[in-house]
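Asks: Pasting in a structure now, in C-alpha cells, and then I'll have a few things to ask.
Protein chains: 2
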Amino acid sequence: MINKLVEKIKKTKAPIVVGLDPMLSYVPKHIIQKSYEAYGETLKGAADAVWQFNKGIIDHVYDLIPAVKPQIALYEQLGVEGMQVFQKTIDYCHEKDLVVIGDVKRGDIGSTSAAYATAHLGKVTVGSRKYSAFNEDFATVNPYFGIDGVQPFLDVCKQEQKGLFILVKTSNPSSGEFQDRLIDGRPLYEYVGEKVAEWGAQHMGEDYSYIGAVVGATYPQAGKMMRKVMPKTLILVPGYGAQGGKGADLVHYFNEDGLGAIVNSSRGIIAAYKQEQYARFSPENYADASRQAVLDMIADINGALQEAK
Amino acid sequence: MINKLVEKIKKTKAPIVVGLDPMLSYVPKHIIQKSYEAYGETLKGAADAVWQFNKGIIDHVYDLIPAVKPQIALYEQLGVEGMQVFQKTIDYCHEKDLVVIGDVKRGDIGSTSAAYATAHLGKVTVGSRKYSAFNEDFATVNPYFGIDGVQPFLDVCKQEQKGLFILVKTSNPSSGEFQDRLIDGRPLYEYVGEKVAEWGAQHMGEDYSYIGAVVGATYPQAGKMMRKVMPKTLILVPGYGAQGGKGADLVHYFNEDGLGAIVNSSRGIIAAYKQEQYARFSPENYADASRQAVLDMIADINGALQEAK
Numbered sequence: 001m002i003n004k005l006v007e008k009i010k011k012t013k014a015p016i017v018v019g020l021d022p023m024l025s026y027v028p029k030h031i032i033q034k035s036y037e038a039y040g041e042t043l044k045g046a047a048d049a050v051w052q053f054n055k056g057i058i059d060h061v062y063d064l065i066p067a068v069k070p071q072i073a074l075y076e077q078l079g080v081e082g083m084q085v086f087q088k089t090i091d092y093c094h095e096k097d098l099v100v101i102g103d104v105k106r107g108d109i110g111s112t113s114a115a116y117a118t119a120h121l122g123k124v125t126v127g128s129r130k131y132s133a134f135n136e137d138f139a140t141v142n143p144y145f146g147i148d149g150v151q152p153f154l155d156v157c158k159q160e161q162k163g164l165f166i167l168v169k170t171s172n173p174s175s176g177e178f179q180d181r182l183i184d185g186r187p188l189y190e191y192v193g194e195k196v197a198e199w200g201a202q203h204m205g206e207d208y209s210y211i212g213a214v215v216g217a218t219y220p221q222a223g224k225m226m227r228k229v230m231p232k233t234l235i236l237v238p239g240y241g242a243q244g245g246k247g248a249d250l251v252h253y254f255n256e257d258g259l260g261a262i263v264n265s266s267r268g269i270i271a272a273y274k275q276e277q278y279a280r281f282s283p284e285n286y287a288d289a290s291r292q293a294v295l296d297m298i299a300d301i302n303g304a305l306q307e308a309k
Numbered sequence: 001m002i003n004k005l006v007e008k009i010k011k012t013k014a015p016i017v018v019g020l021d022p023m024l025s026y027v028p029k030h031i032i033q034k035s036y037e038a039y040g041e042t043l044k045g046a047a048d049a050v051w052q053f054n055k056g057i058i059d060h061v062y063d064l065i066p067a068v069k070p071q072i073a074l075y076e077q078l079g080v081e082g083m084q085v086f087q088k089t090i091d092y093c094h095e096k097d098l099v100v101i102g103d104v105k106r107g108d109i110g111s112t113s114a115a116y117a118t119a120h121l122g123k124v125t126v127g128s129r130k131y132s133a134f135n136e137d138f139a140t141v142n143p144y145f146g147i148d149g150v151q152p153f154l155d156v157c158k159q160e161q162k163g164l165f166i167l168v169k170t171s172n173p174s175s176g177e178f179q180d181r182l183i184d185g186r187p188l189y190e191y192v193g194e195k196v197a198e199w200g201a202q203h204m205g206e207d208y209s210y211i212g213a214v215v216g217a218t219y220p221q222a223g224k225m226m227r228k229v230m231p232k233t234l235i236l237v238p239g240y241g242a243q244g245g246k247g248a249d250l251v252h253y254f255n256e257d258g259l260g261a262i263v264n265s266s267r268g269i270i271a272a273y274k275q276e277q278y279a280r281f282s283p284e285n286y287a288d289a290s291r292q293a294v295l296d297m298i299a300d301i302n303g304a305l306q307e308a309k
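Okay, here's the thing in C-alpha cells:
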C-alpha cells in the first residue's frame, strides 16, 4: 500500500491528503435540512448529513489527490450511526481508488492493540469466514506503550500489505508538554522518531517504509530534524492551513526527490466555503470551494518545493 | 460519578473492576453455535455471541462489584455490529447500576479530543436535541498530546459529572520504552503523574478527584511512588491475574483508608472457566466460574490489605 500511495503522489503531483473530519457545523444547511426531513433530528439524521457532505467533497476532489484521512472521532460522536458512515465513507473512497488513512490514533497493550489492528487494517475470523471491520489502508498509532503496543499493528501491516503513521511530534500547541521533555539533552519525540525509523527499516516498501510518522506542520524545526533521523519514513504532516502551517514551512519535511511527506488539511478544505477567501462559493457549492482549496493547497506546496530547489 | 464509584467500592467492599474484554475465543461453544444458527457466521453473529456472553457474566457478578471496564477494541474489531454491542453492554450495565469505565484510551489534538469526549462521556447536539453516543461514566485517556489533548475531556467531565483515568504507567512489558525515559533523573511517567495530580486537584469529588490515573499492577514500585505523587487520585490498576499481578503486590497502590485504587481483571474473570483452577465449572457454567473468580479476587486483595495493616 505504501508503494501505491507513493505512486499516486507522483501521478497526481499532489503530496497532500484531505482530512474528512466532518464537524456538524461544517455541513451546509441545505444538506442538514434534507437529512433531518428524512430521518428527524436524530443521530441517524446527523450521520446521514455527514455522509452526504462527505460524498459531495469526495466526488469533487478524488481525481486531484492520492489519499484521504477520515478522523474517526467525528464519526464516533454520532455513535453507532456515525460508525456506519465512517465505514461507508471508507468504502466509497476505495471505489474512487483513494488511499484511506484511518486517523484513529489507537494504541494499547499487545493483545488489545492486536484487536485494534484487526479492526482497522486486518480481518477478524468468524467461524470459517473472515471479515474486515473498517478496512482502512493506513492507521495512525499512538506510541506511548512502546514496541509491544505497536508490534501487533506491524504484524497485521506485513500480512495485509498496509501501513501505519506513528505519532512522533503532534501539531497541537501543548504537544511539547511531554514530547519535548529532554532526555540526555534530546527531546522525547526524537527517541520516538528513532524507534519509528528502526521499526520502519524492517518494513520497507520499494522506496519508503510502510511504517510512517506523524510530525505536525506547526513545528518546522522538528520536521527538519526528523527528516534526517527518518530518511526512509513517509511523514504525515497535520496542521496545515487552519492550524497555521504554510507550504513554505514544510519544504524540509520532504526529501530532495520531492517525496517523503504528505500534508494533511481538514477544515481548510472541507469547510473552505466558510472562509473569506472562498466567499464566492455559496453553501450549495461547498464542494466546488473544496476543490478550489485543494488546487490552491497543491499550488502552495509545489510552489514552495520548487522555490527551495 | 467519582463519589458514586467510591461509595460503591465501600458498599461492596470490593476495590475491583471486571474487564469486559470479550475475545471470541473466550465465548463458550454453546453460545457461539446458537448465535451462528440465528445470524450465520457473520459479524452480526459474532457480535450477538459476545453480547450473550457479556450478559451472562454481568448477571452473575453485578451484585459483587462496583464497576466494569469494557475494552472497546474487542468490540471495534467486529465493526459496526460490534459497536452496537459495546453500546448495549454499557446500557445493560447501567440498568444493573454498575459504574462503567470505557477503556478507550483516546487522545488527540484539542478539537478532536472534544469529539472523543462527546462520543464517550458527553452529548452531541443534533438540531434542537441532544444525544449521548456511548455514555460511559469514565473513560481512559492517553496523555501523549499534553494538556490541550486532555482539556476537552476535563471540560466534559465537569459538565456531565463524569471522570477519567489518564495513562501514567501502563502494565505491558515494553511500557518502559518511553514511559521510563529519565528526565532530570526521573522517569517520564512521574512527570505525567504529577500533571495528573495537578489536573485532578482542580477537579475534586468528595474524597477523590474525578481525574484518576492508570498504573499497571506489573510495576509495584511505580505504584508505590505514584501513590505518594498523586494522593487524591484514584488509581485504576490493570494487569492483575492473567498479566501477572497479585494482591500482595498491590497494597501500596492503596491509601491507608483502604481506598484509592481499583484493580481490574479481564481474562482472569471472564475466561475463568478455561483455567485449571476453575476446571470444575463446565463451559455451560462459565458465568458461575466468573462469579467464583470475582469472589477469589476480592478475597485476595482484601486479604493482602488486611495483612499490610
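Chains A and B, in that order, give the protein sequences. My numbering puts the first sequence at residues 1 to 309. My numbering puts the second sequence at residues 1 to 309. Quick reminder that beta carbons are idealized off the backbone N, C-alpha and C, glycines included. Note that the coordinates shown come from a computational prediction; the quantities given were computed from them, not determined experimentally.
Closest Cβ-Cβ distance between I198/A and chain B: below 8 Å?
Replies: By one-based count along the first sequence, residue 198/A stands at place 198. The question names Ile, but residue 198/A is Glu in the sequence shown. Answer no: the Cβ-Cβ gap between E198/A and chain B never drops below 8 Å.
Asks: Is the separation between the beta-carbon of L164/B and that of V192/B shorter than 8 Å?
Replies: Along the second sequence, one-based indexing puts residue 164/B at 164. Along the second sequence, one-based indexing puts residue 192/B at 192. Contact: no.
Asks: Can you list, in chain order, the residues of its chain with a C-beta nearer than 7 Å to that of Q52/B? Leave out the 5 residues immediately preceding and following it.
Replies: What you label residue 52/B is simply residue 52 of the second sequence in a count that begins at 1. For Q52/B, where only same-chain residues beyond five positions count, the Cβ hits under 7 Å are I31, S35.
Asks: Cβ closer than 8 Å: which chain B residues qualify as neighbours of Q84/A?
Replies: Position 84 of the first sequence holds residue 84/A. The answer, in chain order, is V80.
Asks: For the segment 115-148 of chain B, which residues have a CB atom closer than 7 Å to at least one CB atom of chain A, in sequence order?
Replies: Listed by position, the residues of the segment 115-148 of chain B near chain A (Cβ gap below 7 Å) are A115, Y116, T118, A119, V124, V126, G127, S128, R129, Y131, A133, F134, N142, P143, Y144, F145, G146, I147, D148.
Asks: In chain order, what residues of the segment 159-180 of chain A put their CB closer than 8 Å to some CB of chain B?
Replies: Listed by position along the chain: L167, T170, S171, N172, P173, S174, S175, G176, E177, F178, Q179.
Asks: When DSSP labels each residue in this structure, what does Y144/B get in the three-state scheme?
Replies: As a first step, residue 144/B is located in the second sequence; it is residue number 144 there, counting from the start. Three-state DSSP puts Y144/B in coil, outside helix and strand.
Asks: State buried or exposed for G303/B, treating a residue as buried only when at least 16 other CB atoms are found within 10 Å of its CB.
Replies: Locating residue 303/B in the second sequence gives position 303, counting from the first residue. G303/B should be labelled exposed.
Asks: Whole angstroms are fine: how far does the CA of Y62/A sit from the CA of K96/A?
Replies: What you label residue 96/A is simply residue 96 of the first sequence in a count that begins at 1. What you label residue 62/A is simply residue 62 of the first sequence in a count that begins at 1. C-alpha separation (whole angstroms): 7 Å.
Asks: What does G107/B touch in chain A if you count any residue whose Cβ is under 8 Å from its own?
Replies: As a first step, residue 107/B is located in the second sequence; it is residue number 107 there, counting from the start. Within 8 Å Cβ-Cβ: K105, N142.
Asks: Looking at the C-beta of V17/B, does it have a partner C-beta in chain A at a distance below 8 Å?
Replies: Sequence index remark: in the second sequence, residue 17/B carries index 17 (1-based). So no, V17/B is outside the interface.
Asks: Please determine, among Y219/B, I65/B, M226/B, the residue with the shortest C-alpha to C-alpha distance to Y240/B.
Replies: Here residue 240/B refers to the residue found at position 240 when the second sequence is read from its first residue. The shortest C-alpha separation from Y240/B is found at Y219/B.
Asks: So which residues on chain B does Q277/A lean against when the C-beta distance must stay under 7 Å?
Replies: Walking along the first sequence from the start, residue 277/A turns up at place 277. In chain order: nothing, as chain B lies at least about 20 Å away.
Asks: Could you pull the DSSP bridge partners for D340/A from this structure?
Replies: Chain A is shown only over 1 to 309; residue 340/A falls outside these bounds and no answer can be derived.
Asks: What number of angstroms, rounded off, separates the C-alpha of S132/A from the C-alpha of A242/B?
Replies: Counting from 1 along the first sequence, the entry for residue 132/A is found at position 132. Counting from 1 along the second sequence, the entry for residue 242/B is found at position 242. Approximately 29 Å, taken between the alpha carbons.
Asks: What residue range does the beta strand (DSSP E) around R129/B cover?
Replies: On the second sequence, position 129 is the one that residue 129/B refers to. R129/B -> beta strand (DSSP E) spans 129-131.
Asks: Suppose you measure from the CA of S282/B to the CA of D59/B; what does that come to, to the nearest Å?
Replies: Translated into the one-based positions of the second sequence, residue 282/B becomes position 282. Translated into the one-based positions of the second sequence, residue 59/B becomes position 59. If you take the alpha carbons of S282/B and D59/B, they lie about 17 Å apart.
Asks: Just to confirm the assignment, what range does the beta strand (DSSP E) spanning V17/B have?
Replies: For the purposes of this step, residue 17/B is taken as residue 17 along the second sequence, with counting starting at 1. Element bounds for V17/B: 16-18.
Asks: If you reduce the DSSP assignment to three classes, tell me which class S265/B lands in.
Replies: As a first step, residue 265/B is located in the second sequence; it is residue number 265 there, counting from the start. Correct three-state label for S265/B: strand.
Asks: So G209/B and I2/B are in contact, right, with Cβ under 8 Å, and what is the actual spacing, rounded?
Replies: Mapped onto the second sequence, residue 209/B falls at position 209. Mapped onto the second sequence, residue 2/B falls at position 2. Looking at the sequence itself, residue 209/B is Ser, so the reference to Gly does not match. Confirmed, Cβ separation roughly 7 Å.
Asks: Throw me the rounded Cβ distance for the P70/A and I90/A pair, which I believe falls under 8 Å.
Replies: Position 70 of the first sequence, counted from the first residue, corresponds to residue 70/A. Position 90 of the first sequence, counted from the first residue, corresponds to residue 90/A. With 8 Å as the limit, P70/A and I90/A qualify as a contact, their Cβ atoms being about 7 Å apart.
Asks: Check whether the Cβ atoms of L20/B and V99/B sit closer than 8 Å, and answer yes or no.
Replies: Here residue 20/B is taken as the residue at index 20 of the second sequence, counted from 1. Here residue 99/B is taken as the residue at index 99 of the second sequence, counted from 1. Result no, Cβ atoms of L20/B and V99/B do not sit closer than 8 Å.
Asks: Quick one: Cα of H120/B to Cα of C93/B, how far?
Replies: Along the second sequence, read from residue 1 onward, the residue named residue 120/B stands at position 120. Along the second sequence, read from residue 1 onward, the residue named residue 93/B stands at position 93. Using only the alpha carbons, I get a separation of about 15 Å.
Asks: As a quick exercise: from K228/B, A217/B, Q161/B, pick the residue whose alpha carbon is nearest that of P238/B.
Replies: Numbered from its first residue, the second sequence carries residue 238/B at position 238. Closest by alpha carbon: A217/B.
Asks: Could you tell me if E190/B is buried or exposed, where buried requires 16 or more neighbouring beta carbons within 10 angstroms of its beta carbon?
Replies: Taking the first residue of the second sequence as 1, we reach residue 190/B at position 190. Buried, because 16 or more other Cβ atoms sit within 10 Å of the Cβ of E190/B.
Asks: Taking the DSSP output, what are the residues bridged to S209/A?
Replies: By one-based count along the first sequence, residue 209/A stands at place 209. Answer by DSSP bridge pairing, in chain order: M204/A.
Asks: Say whether the segment 21-30 of chain B touches the segment 41-50 of chain B, bearing in mind that this needs 3 or more beta-carbon pairs closer than 8 Å, one atom from each stretch.
Replies: Taking 8 Å as the limit for Cβ pairs, the verdict is that the segment 41-50 of chain B does touch the segment 21-30 of chain B.
Asks: Report yes if the C-beta distance between S171/B and I109/A is below 8 Å; otherwise report no.
Replies: Working through the second sequence from its first residue, we reach residue 171/B at position 171. Working through the first sequence from its first residue, we reach residue 109/A at position 109. In contact: S171/B and I109/A (Cβ atoms closer than 8 Å).
Asks: In its own chain, which residues sit with a C-beta less than 7 Å from the C-beta of N54/B, not counting the 5 before and 5 after it?
Replies: For the purposes of this step, residue 54/B is taken as residue 54 along the second sequence, with counting starting at 1. Same-chain partners within the cutoff: L20, P22, T89.
Asks: Rounded to whole angstroms, what is the Cα-Cα separation between R336/B and V196/A?
Replies: Here chain B covers residues 1 to 309 and nothing more, so residue 336/B does not appear.
Asks: What does DSSP give as the partner residues of T125/B in its beta bridges?
Replies: Within the second sequence, residue 125/B is the residue found at index 125, counting from 1. Per DSSP, K130/B.
Asks: Step through the CB atoms of chain B and report whether any lies within less than 8 Å of the CB of G212/A.
Replies: Taking the first residue of the first sequence as 1, we reach residue 212/A at position 212. No, G212/A lies away from the interface with chain B (no Cβ there is under 8 Å from its Cβ).
Asks: Use the C-beta contact count for Q292/A: other C-beta atoms within 10 angstroms, 16 or more gives buried, fewer gives exposed.
Replies: Residue mapping note: residue 292/A aligns to position 292 of the first sequence, counting from 1. Counting Cβ neighbours within 10 Å, Q292/A comes out buried, since at least 16 surround it.
Asks: Classify Y240/B as helix, strand or coil using the three-state DSSP reduction.
Replies: On the second sequence, residue 240/B is found 240 positions in, with the first residue counted as 1. Looking at Y240/B - three-state DSSP - the assignment turns out to be strand.
Asks: For M204/B, is the classification buried or exposed, using 16 other Cβ atoms within 10 angstroms of its Cβ as the cut-off for buried?
Replies: By 1-based counting over the second sequence, the position of residue 204/B is 204. Answer is exposed; the Cβ neighbour count stays below 16.
Asks: Check the DSSP bridge columns for I235/A and list the partner residues they point to.
Replies: In the first sequence, residue 235/A corresponds to position 235, counting from 1. A213/A, A261/A, per the DSSP bridge assignment.
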